[in-house]
Each structure stands twice: as structure tokens, then as C-alpha cells.
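Asks: Everything in the sequence shown is counted per this note's numbering, starting at 1 for the first residue and increasing by one.
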Amino acid sequence: MPQGMSLDAFNYLIAFTKAHEGYTPFFYNNWPLKNSDKDVTVGVGIAVKDRQTAANDPIRNMFRMKVTGAIPSTDQIKAEFDRVNDLPRTKDNLFTDYGGQSPMEIPANIMHSSLLAKMNDCWNQRGVPFPDFAKIQAQAQVALLSFNYGMRLSNRLALCDAVKAEDFYTAATLCVVSKWDSQKNEAHQRLLYNAGVIMMANRDLNLLPPITGPFKPPPCAPNQFKLPPWFTLSLKP
1 MPQGMSLDAF NYLIAFTKAH EGYTPFFYNN WPLKNSDKDV TVGVGIAVKD RQTAANDPIR
61 NMFRMKVTGA IPSTDQIKAE FDRVNDLPRT KDNLFTDYGG QSPMEIPANI MHSSLLAKMN
121 DCWNQRGVPF PDFAKIQAQA QVALLSFNYG MRLSNRLALC DAVKAEDFYT AATLCVVSKW
181 DSQKNEAHQR LLYNAGVIMM ANRDLNLLPP ITGPFKPPPC APNQFKLPPW FTLSLKP
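Written out as C-alpha cells, the structure reads:
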């Protein structure tokens, strides 16, 4: 957990990430439904670029064979990667053709530990210092870590500068990634807009949306706070 982030904010981040990335304990493919290229993924948004990556640690060691409970062999996991890599994704075959036909799966405790470890590793690779991270509103912290989970913040320095300056409305315009799912982009924008509303209303830095959701996007903050009459929120409700 990043220094300066509360446990509540980090737990919200994990729930938010599961909702957007998908909590799938098997190999699946985003092609062609969500990606024009073959895009094998596992766990919570972990890209698997080729069959050798699938066979290497830590990917292989995450899995257990459904029948025996054993860690799959390199041949077994390469065979499953090949099957999934050639299987087109449709709007309703995620849990049937991918999950239902998979001979292996990732136990829930390993999935959770993997997500925590990857989230922290990604944050350590962000490439941008945040010396006053603890002073950033919690919803903006969540947006930063979630964004960094998919793309390092060093690629969006203007976004980082806007957050550091507490210009959350500008930050919301800079956090969109065209190739990402529109719901994920909108959710990041909502969190940053909410952070701006909370800061402007001089409310608690730790205020978060409900951890039970919704996440696509999170609830809008303006209904919770008294705002100045000139303020209008451009993000759709």
C-alpha cells in the first residue's frame, strides 16, 4: 500500500480495479470484442504476451489444475494459452468457452495476493514523485493508482502536475486514454471531478464512494455537498 494512502482508500481501489479489469481466474482473450489484436489476459488485468510468458513464473505458479490441484506443467499451460489465443471473444462466452473449458484456474487467495503485489509493483514503477501524496484527496489517489495500473504516470506528466496543483478538473480532462474502455475512462474522470468538488467544499480528504459500488462510474459527489452557484459539473450524471 502506498505511503500516505489509507487502508480504506486502498481497499476501495482494489474493489474498483476488480470491477473494471474483471476478476477472472483463467486465461481469456479480449480479441476481437475489445481489442483488434489478440490479447490474452489472466487474473485481474495481467497481459500475457506469448506462450513462454504463460509458462514462466509467476504466471504458471498462480494456477492449479482443477482435477488434481497441482501446478500445471509448462506443456499444460502452453497448451491452454494456445487454445485461448486462438479463441475469439464474444459478448457471452467469457465464463463458458474460456472459464468453463479451462482445465486450470487460479485460487481466490492467490488472485487477491497477485493483484495487491502487482498494484504495488506498478506504483513503484510510476516514474513520478508525489512528496505530498498523503495530502491528495482519497478519490484522486484512487484515480492515480488505477491509471498507473494500466499506464505508468510518467507517460502523463501534465496529469500528475494538475493533481499536484489540486486542479482536479483539468486532471479529469487529461486522464482519458483512447484505447481504454470508455467506462474506465469515465470512472477515472468521475473520481477526479469528485475530488475537486470535495476540495472546493473544504470537506474530508478521506471521503470515498461506497465500496459496494457502483464503479462504472462511481456516484457523483455534487449531490452530497453544497456547491457555489457558479459551479456546474460537465461530466454526465
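A virtual CB, placed ideally from N, CA and C, is assigned to each residue, including glycine.
Identify whether Glu166 lies in helix, strand or coil by the three-state DSSP scheme.
Replies: The answer is coil: DSSP assigns Glu166 none of H, G, I, E or B.
Asks: Give me the Cα-Cα distance between Asp82 and Thr74, rounded to the nearest whole angstrom.
Replies: For Asp82 and Thr74, the distance between alpha carbons rounds to 12 Å.
Asks: Which word fits Pro88, buried or exposed, when buried means at least 16 other C-beta atoms lie within 10 angstroms of its C-beta?
Replies: The residue in question, Pro88, is exposed, as its Cβ has fewer than 16 Cβ neighbours within 10 Å.
Asks: Measuring CB atoms only, is the segment 128-141 touching the segment 35-47, in the sense that at least three cross pairs come out at less than 8 Å?
Replies: In short, these stretches do not touch, since the Cβ pair count stays below three.
Asks: Among Leu145, Asn109 and Ser113, whose alpha-carbon lies nearest the alpha-carbon of Gln125?
Replies: The candidate whose alpha carbon is nearest that of Gln125 is Leu145.
Asks: Kindly list the residues whose CB is nearer than 7 Å to the CB of Ala138, restricted to its own chain and excluding five residues on each side of it in sequence; keep chain order.
Replies: So the list reads Ser6, Ala9, Leu205, Asn206, Leu207 and Leu208, once near-sequence residues are dropped.
Asks: Whole angstroms is fine: what's the gap from Val309's alpha carbon to Met104's?
Replies: Missing from the structure shown is residue 309; the chain here goes from 1 to 237 and no further.
Asks: Can you grab the Cα-Cα spacing for the pair Pro129 / Asp121, in whole Å?
Replies: If you take the alpha carbons of Pro129 and Asp121, they lie about 15 Å apart.
Asks: What is the rounded straight-line gap between the Cα of Lys179 and the Cα of Gly150?
Replies: Roughly 11 Å separates the two Cα atoms.
Asks: For Ala108, which residues from the same chain have a beta carbon less than 8 Å from its beta carbon, with the 5 sequence-adjacent residues on both sides left out?
Replies: So the qualifying residues of the chain are Pro25.
Asks: Give me the DSSP bridge partner(s) of Val128.
Replies: None; Val128 has no bridge partner.
Asks: With a floor of 3 residues, list each beta strand (DSSP E) that falls wholly inside the segment 74-139, ordered by position along the chain.
Replies: List check, beta strand (DSSP E) in window: nothing returned.
Asks: Between the Cα of Ser114 and those of Val67, Glu186 and Val44, spot the shortest distance and give me the residue it belongs to.
Replies: Closest by alpha carbon: Val44.
Asks: So is Ser154 buried or exposed if we call it buried at 16+ other beta carbons inside 10 Å?
Replies: Exposed, by the Cβ-count rule.
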